[in-house]
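Take a look at the structure below.
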Amino acid sequence: MAEDTVEYWRAQAEKYKKNYEAAQEELDEFQVQSRELEKELETQLSQLEKKNKDASIANELITRERDSLRDRLESSQSDSVKQTTRLEEQLTRVTQHRDELQRYIRELEQTNDDLERAKRNVSAMVEDFEKRMNETLERNALLESELDEKETLQECIQRLKEETRDLRQEITVREIKEKDKPLVPSDHPMEVDPKERHERTSTDKDARPTTKVSAVPRSQTVDNSIATPSRLPLATHSATPVTPSARISALNIVGDLLRKVGALETKLASCRKYAAQDPGGGPEPKQPHLSSVQVTNGARPWQHS
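Here this note's numbering is used: the first residue of the sequence shown is 2, the next is one more, and so on.
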C-alpha cells in the first residue's frame with residue numbers, strides 16, 4: 002500500500018514539474034513580447050516628438066504672418082483716416098467749385114468704399130488666421146498631453162519588467178529549494194501514524210479555504226488545487242514529513258505568484274487599451290492575453306478561437 006502511494010505521488014510530482022516547465026516557457030515568451038511592445042512604443046514616441054516639432058515651427062510661421070498682417074492693417078487704417086481728413090478740408094476750402102467737387106467727392110466716396118471693403122477683407126483674413134492659430138495651439142496642447150501619457154506608459158512598462166524579473170527570481174529560488182531537499186530510499190517509506198494523518202488532513206481542509214487563490218474561477222479550482230503544494234503526500238521522498246504550516250506557506254506563495262501574474266495581465270490590458278484609443282499612434286498589434294488560470298493549467302494564452 003505504501004509503495005503504491007509513493008508511486009502515485011511520484012507521478013503527481015512529474016505532472017507538476019511539466020506544468021511548471023510549461024509555465025516557465027510561457028513566461029519567457031511573455032518577456033520577449035513585452036520587449037517588442039516597448040520598442041514599438043519608443044518608435045511611436047519619436048514620431049510624436051517629430052510631429053510636435055513640426056507643429057511648433059508652423060505655429061511660429063503663422064504668428065509672424067499674423068503680426069505682419071496686423072501691421073499692414075494698422076497702416077492702412079491710419080492712411081485712410083489721414084486721407085479722409087485731407088479731403089474734408091479740401092471740400093470746405095473749394096466750395097465755389099461745387100460741380101467739380103461733387104464729381105471729385107463721388108470719386109473719393111468710391112475710393113473710400115473700396116478701402117472699407119479691403120479693410121473688411123483684411124479683417125476676415127486676420128480672423129481666419131487667428132482661428133487657425135488657435136486650432137494649431139489646441140493641437141499642440143493635445144500632442145504635449147499625448148507625449149506625457151507616452152512617458153507614463155514607458156514608466157509602467159519599466160515597472161512590468163521589474164516585476165517580471167522578481168517573479169523569475171522567486172521561481173528560481175523555489176526550484177533550487179526543491180532540488181536541495183534530501184531523498185529517502187524507496188525501500189524504507191516513512192511510517193505515518195493514522196492519528197497524525199487524520200490531524201494533517203483536517204488541517205489541510207481548514208487551511209485551503211483561507212488561501213488566496215480565489216482569483217481563479219471555481220470551475221478551475223479543482224484542477225488548480227492539484228498543482229499547489231497543499232496536496233503533498235504524507236510520506237514523500239524528503240527526510241522529514243512536510244508539516245501543515247509548510248504546505249500552507251507553499252500554497253500562499255503560489256497564490257502570491259498568481260496574483261502578480263494577474264496584475265501583469267491587467268497592466269498589459271491597460272497598455273493595449275490606451276494604444277487602441279490613441280488617435281495618433283496607429284493600431285497596436287495584438288498581444289497574447291495571459292491569465293492566471295492559463296498559467297496554472299499550462300495552457301498557451303494565444304490558443305483561443
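Yeah, the Cβ is synthetic: ideal placement off N, Cα and C, and Gly gets one too. Treat the numbers as computed from the prediction; the structure is a model and nothing was measured.
Assigned exposure category for residue i - 16 Cβ within 10 Å defines buried
| i | result |
| --- | --- |
| E27 | buried |
| Q307 | This structure cannot speak to residue 307, because the chain is shown only from 2 to 306. |
| K151 | buried |
| K19 | exposed |
| L138 | exposed |
| L62 | exposed |
| P210 | Confidence is the limiting factor: at P210 the pLDDT is only 39, short of 50, which leaves the residue's position unreliable, though a coordinate-based value still follows. Burial call: exposed. |
| L144 | buried |
| E4 | exposed |
| I158 | buried |
| V329 | Past the boundaries of the shown model lies residue 329; the chain is included only from 2 to 306, so the question cannot be answered. |
| I177 | exposed |
| I58 | exposed |
| V262 | buried |
| E75 | exposed |
| E266 | buried |
| A264 | exposed |
| A119 | exposed |
| D207 | Note on D207: pLDDT 44, under 50, position unreliable in the model; the coordinate value appears next. Result: exposed. |
| A12 | exposed |
| A277 | exposed |
| K125 | According to the sequence as given, residue 125 is Ala; it is not Lys. It is exposed - the Cβ of A125 has fewer than 16 other Cβ atoms within 10 Å. |
| Y9 | exposed |
| V217 | Note that V217 scores 37 on pLDDT, short of 50, meaning its location in the model is unreliable; the coordinates nonetheless yield the value given after this. With 16 or more other Cβ atoms within 10 Å, it is buried. |
Assumed close pair residue i, residue j - CB separation to whole angstroms, cut-off 8 Å
| i | j | result |
| --- | --- | --- |
| L269 | E171 | At roughly 19 Å, the Cβ-Cβ gap does not stay under 8 Å, so L269 and E171 are not in contact. |
| L154 | L49 | So it is not a contact: roughly 12 Å between Cβ atoms. |
| A56 | N141 | 5 Å |
| R67 | E131 | 7 Å |
| I106 | L116 | About 15 Å separates the two Cβ atoms, so there is no contact after all. |
| T165 | Q32 | 6 Å |
The ligand FAD heavy atom lying under 7 Å from the CB of residue i
| i | result |
| --- | --- |
| L168 | This structure lacks the ligand FAD, and indeed carries no ligand of any kind. |
Proximity test, Cβ basis, 8 Å: residue i and chain B
| i | result |
| --- | --- |
| R121 | Reference to chain B is not applicable here, since this structure consists of a single protein chain. |
> Fully enclosed by the stretch 17 to 99, which beta strand (DSSP E) runs are 3 residues long or longer?
Replying inline: DSSP runs (the beta strand (DSSP E)) wholly in the stretch 17 to 99: none.
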